[in-house]
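Have a look at the structure below, then the notes.
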Amino acid sequence: MQPSADSLQAGNYIGALLQWRDLQQTYDAFFSVVDLHALTQPNNPAELREKTRRTAAQYIAAGIEPSKSTLYVQSHVPAHSELAWILSTLTGFGEAGRMTQFKDKSQRYGQDGTTVGLFTYPVLMAADILLYQTDIVPVGEDQKQHVELTRDLAERFNSRYGAAFEVPVPVIQKDTARIYDLQNPTSKMSKSAATDAGVLWLLDEPSKTAKKIMRAVTDSEGSVRYDRENKPGVSNMLVIYAALTGKQIPTIEDEYAGRGYGDFKKGLAEVVVDEFGPVRERALALLDDPAELDRVLAANAERAAEVANRTLADVYDKVGL
Ligand code: ADP
Ligand code: NA
Numbered sequence: 001m002q003p004s005a006d007s008l009q010a011g012n013y014i015g016a017l018l019q020w021r022d023l024q025q026t027y028d029a030f031f032s033v034v035d036l037h038a039l040t041q042p043n044n045p046a047e048l049r050e051k052t053r054r055t056a057a058q059y060i061a062a063g064i065e066p067s068k069s070t071l072y073v074q075s076h077v078p079a080h081s082e083l084a085w086i087l088s089t090l091t092g093f094g095e096a097g098r099m100t101q102f103k104d105k106s107q108r109y110g111q112d113g114t115t116v117g118l119f120t121y122p123v124l125m126a127a128d129i130l131l132y133q134t135d136i137v138p139v140g141e142d143q144k145q146h147v148e149l150t151r152d153l154a155e156r157f158n159s160r161y162g163a164a165f166e167v168p169v170p171v172i173q174k175d176t177a178r179i180y181d182l183q184n185p186t187s188k189m190s191k192s193a194a195t196d197a198g199v200l201w202l203l204d205e206p207s208k209t210a211k212k213i214m215r216a217v218t219d220s221e222g223s224v225r226y227d228r229e230n231k232p233g234v235s236n237m238l239v240i241y242a243a244l245t246g247k248q249i250p251t252i253e254d255e256y257a258g259r260g261y262g263d264f265k266k267g268l269a270e271v272v273v274d275e276f277g278p279v280r281e282r283a284l285a286l287l288d289d290p291a292e293l294d295r296v297l298a299a300n301a302e303r304a305a306e307v308a309n310r311t312l313a314d315v316y317d318k319v320g321l
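This is the structure in structure tokens:
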């Protein structure tokens, strides 16, 4: 994840962290806070450094174990930038120009606001993946195209220079793990939402979280029922409820049958606060001791670099550097 805010939001937690936490039980997992990627957006240096630390603390607080998985800051492992350069020499200009995320973002930023870094972002992402001989990449649907590019680059390199990379497979997260904004339940909940009234921050005070849920947009029908098209607000809250309790949506519908939205929201607020409260406490405790957090991140970066440098050395050798 990019360190693009002080706090992660419920979508990051449900759509990414919960799954990563499970994956680390069966896989040798690498997780990074991608601060180099964050430079493609305007940043204040002191704030970027702080957001990077805060994002890492929230990974750990949410259950990513730095003793089991490798959890590091992207820029601490220089091989990412180095491999990205090599891969950029294998990437077609037109090929990179076809990335829909670039098209969307460059349209928003305009001709002068669009940097070459934004253009080559997917190439850096390919390096992030390929350095670790990655088998699977858990991503949202919106990142699928970037993983396809990564596969193409891996195959191209392997056939041109000899096998250096595992060709990774994207594992697309289920649509049911997609969380929407509480005030605008047809758009994705995001760290970079224009207003935060509909964003549930992992580090918000519990009372604030509860208030946001009580004010969430619903509809005039009055029944707690899953119907994405006609009841996006209620459906979104059902998805959050289900994700955090492990209950099936029909079970939750039954529980709230004949009861109003007020009751349902109160129930959901309790569920979210019970889940996020302890995560928030752990994150704040970690942030209280920045030296220790930095030590953990440095040790993990060292572990990451060991693997990454092995791949990079092989690549340098194969291309004639
Ligand atoms: P944001 O929009 O909050 O900046 P990112 O684009 O940095 O989020 O995504 C970080 C991770 O969180 C990705 O794995 C992404 O799929 C996941 N994610 C972000 N927002 C949501 C959401 N609303 N629902 C589900 N997953 C999400
Ligand atoms: Na983002």
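According to our numbering, the sequence shown holds residues 1 to 321 in order.
Backbone N, C-alpha and C define an ideal beta-carbon position, used for all residues, glycine too.
With 16 other CB atoms within 10 Å as the buried threshold, where does residue i fall?
i: residue 321; result: exposed
i: residue 151; result: buried
i: residue 102; result: buried
i: residue 322; result: Outside the displayed range of the chain (1 to 321) lies residue 322, so it cannot be described from this structure.
i: residue 189; result: buried
Any heavy atom of the ligand ADP closer than 8 Å to the CB of residue i?
i: residue 178; result: yes
i: residue 139; result: yes
i: residue 58; result: no
i: residue 191; result: yes
i: residue 145; result: no
i: residue 188; result: yes
i: residue 43; result: no
i: residue 248; result: no
i: residue 14; result: yes
i: residue 2; result: yes
i: residue 142; result: yes
i: residue 173; result: yes
i: residue 5; result: yes
i: residue 327; result: Any property of residue 327 remains undetermined from this structure, which presents the chain solely from 1 to 321.
i: residue 11; result: yes
Which residues share a DSSP beta bridge with residue i?
i: residue 180; result: 188
i: residue 9; result: 201
i: residue 72; result: 32
i: residue 78; result: DSSP lists no partner for residue 78.
i: residue 172; result: 139
Per the contact definition of three or more C-beta pairs closer than 8 Å, is the region 22–40 in contact with the region 245–255?
-> In this structure the region 245–255 does not touch the region 22–40; the number of beta carbon pairs closer than 8 Å is below three.
ask   = Within the chosen definition, does the region 8–15 reach the region 240–247 through at least 3 CB pairs nearer than 8 Å?
value = Yes, the region 8–15 touches the region 240–247.
Item to complete: Specify whether the region 257–266 and the region 200–220 touch according to this definition: at least 3 beta carbon pairs, one from each stretch, less than 8 Å apart.
Response: The answer is yes - the region 200–220 touches the region 257–266, with three or more Cβ pairs under 8 Å.
| request: For the region 47–56 and the region 86–101, state whether three or more C-beta atom pairs, one from each stretch, are separated by less than 8 Å. | output: Contact between the region 47–56 and the region 86–101 is absent, because fewer than three Cβ pairs lie under 8 Å.
Does the structure place the region 74–84 close enough to the region 142–150 that three or more beta carbon pairs sit under 8 Å? Output reads no: the region 74–84 does not touch the region 142–150.
Does the region 179–197 come into contact with the region 228–241, if we say contact requires no fewer than three beta-carbon pairs (one atom in each stretch) closer than 8 Å? Segments in contact, yes.
*Is the region 215–231 touching the region 288–308, taking contact as three or more C-beta pairs under 8 Å?*
With the rule of 3 Cβ pairs closer than 8 Å, the region 215–231 does not count as touching the region 288–308.
Evaluate contact between the region 274–286 and the region 56–69, counting only Cβ atoms and requiring at least three cross-stretch pairs below 8 Å.
With the cut-off at 8 Å, the region 274–286 and the region 56–69 touch.
Is the region 129–146 close to the region 36–46, with three or more CB pairs under 8 Å? With a cut-off of 8 Å, the region 36–46 and the region 129–146 do not count as touching, because too few Cβ pairs lie within range.
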